[in-house]
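First comes the structure, then the notes that go with it.
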Amino acid sequence: MLRVHKASGELLLALSEEACRELHVGPDPAVRELKRRLQGLCGQPRFRQRLLQGTVALEEDAGLTAPADLQLVLLPFSPASAAELAALKTAAEADDVDALEELLQLAKDVNLKVDRQGRAALHLAASSGSLRAARLLLEASATVDAANYTGSAPLLDAARAGHVEVARALLEARADKDRANKGLNTPLSAAALGTSGTAADMTRLLLEARADLRRACAGGQGPLHVACSHPSGLDVVRVFLQARVDIDRVDSSGRTALCVAAPWMLFLE
């Protein structure tokens with residue numbers, strides 16, 4: 001039997017020898033896998049957990065054998081220096097999961113603001129398309145709907161930049177698909193304004209997640225108005241039409257989406 005006790009002595013988890021062997025089956029080391037299981041019991045990610053066997057802290061890449069008695073110690077956040085915040089920002093932008101893992105193992109708060117725009121590391125991963133970094137930050141309990149100083153959450157940043165797989169990971173982590181920033185822009189309107197080749201795919205992803213087609217953004221415009229405001233939005237317009245968007249909706253100036261599109265449509269051959 002493998003037992004894990006809290007610092008108070010209370011038994012937190014007991015595993016049979018067979019269950020202990022199963023920890024070695026997956027791609028991750030046994031100690032790391034055990035910490036992931038403990039997260040649901042202690043409420044803290046593996047980066048803030050230390051497992052002691054006697055007076056020795058087990059490394060995450062170590063194996064486990066039963067019988068054994070382990071003690072779980074939960075670390076408080078450690079203060080982050082300016083250099084560490086800069087390193088966190090760089091690692092998130094560059095999708096450098098090795099550097100990110102090293103920083104997280106120092107029990108740094110992943111929700112700290114890392115730049116003058118009030119963005120956390122997850123914002124940077126989202127806007128840069130750093131999928132592995134985003135997943136690691138989510139595992140570290142990054143706040144999925146954290147707002148920067150303009151009120152933008154990571155999903156809006158991913159939608160604006162056209163990073164579909166990062167957006168998918170955020171939605172799987174239960175990001176608010178309709179969360180607007182201070183300018184009333186939503187992920188769906190950001191996708192509609194996008195000029196990347198993935199704007200239509202991003203729009204489909206958000207609609208599959210049941211993003212609100214009726215949600216108004218700045219000027220009372222709906223997502224269709226936004227897509228019709230620029231020539232690059234044609235593919236997104238088609239996606240909205242397939243979703244049966246209200247084509248007769250007017251914005252606060254009384255314009256339909258067709259009226260918004262009219263100026264640039266005049267130049268189409």
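For the record, in the sequence shown the residue sitting at position 56 is 56 according to UniProt numbering, with numbers rising by one throughout.
C-beta atoms are modelled at their ideal positions from N, C-alpha and C, and glycine is treated no differently.
Fair warning: this is a prediction, and the values are worked out from it, not measured in the lab.
Beta-carbon proximity list for residue 99, same chain, < 6 angstroms, skipping 5 on both sides: 91
Contact under 9 angstroms by Cβ, residue 144 with residue 155: The Cβ atoms of residue 144 and residue 155 sit closer than 9 angstroms to each other.
Same chain only: Cβ atoms within 6 angstroms of residue 245, ignoring 5 sequence neighbours per side: 213, 224
Contact between the segment 15-35 and the segment 46-57 (3+ Cβ pairs under 8 angstroms): Enough Cβ pairs lie closer than 8 angstroms, so yes.
Beta-carbon proximity of residue 62 to residue 17, cut-off 9 angstroms: With respect to residue 17, residue 62 sits apart: the two C-beta atoms are not nearer than 9 angstroms.
N-terminal and C-terminal residue of the beta strand (DSSP E) that residue 69 is part of: 68-74
Three-state secondary structure assigned by DSSP to residue 12: strand
Proximity below 9 angstroms, CB of residue 158 to CB of residue 167: yes
Three-state secondary structure assigned by DSSP to residue 230: In this structure, residue 230 counts as coil in the three-state DSSP scheme.
For residue 240 and residue 204, the rounded distance between their alpha carbons: 9 angstroms
For residue 107, three-class secondary structure by DSSP: coil
Where residue 52 sits in the DSSP three-state scheme: strand
Any C-beta of chain D under 9 angstroms from that of residue 162: The structure shown contains no chain D, having only a single protein chain.
Of the residues 116, 8, 261, the one placed nearest residue 74, counting alpha carbons only: 8
Short Cβ contact (9 angstroms threshold) for residue 146 with residue 123: yes
Supposed close pair residue 153, residue 176 - CB separation, criterion 8 angstroms: 7 angstroms
Reference residue 170, options 43, 206, 22, 190, closest by Cα: 206
Environment of residue 10 [buried if 16+ CB atoms lie within 10 Å]: exposed
Residue 237 and residue 257 closer than 9 angstroms at C-beta: yes
Residues that residue 163 bridges to, as DSSP identifies them: Looking at the DSSP assignment, residue 163 forms no beta bridge with any residue, so it has no partner.
Within 9 angstroms, strictly: CB atoms of residue 192 and residue 233: yes
9 angstroms Cβ cutoff met for residue 183 and residue 218: In this structure, residue 218 lies closer than 9 angstroms to residue 183 by Cβ.
Residue 4, enclosing beta strand (DSSP E) - first and last residue: 2-5
Beta-carbon contacts of residue 107 that lie in its chain and below 8 angstroms, excluding the five residues immediately before and after: The beta carbon of residue 107 is closer than 8 angstroms to those of 47, 48, 75, 76, 77, 78 in its chain, skipping five residues each way along the sequence.
Residue 83 to residue 96 span [Cα, whole Å]: Spanning the two alpha carbons is a distance of roughly 16 angstroms.
Pair within 9 angstroms by beta-carbon distance, residue 197 and residue 149: no
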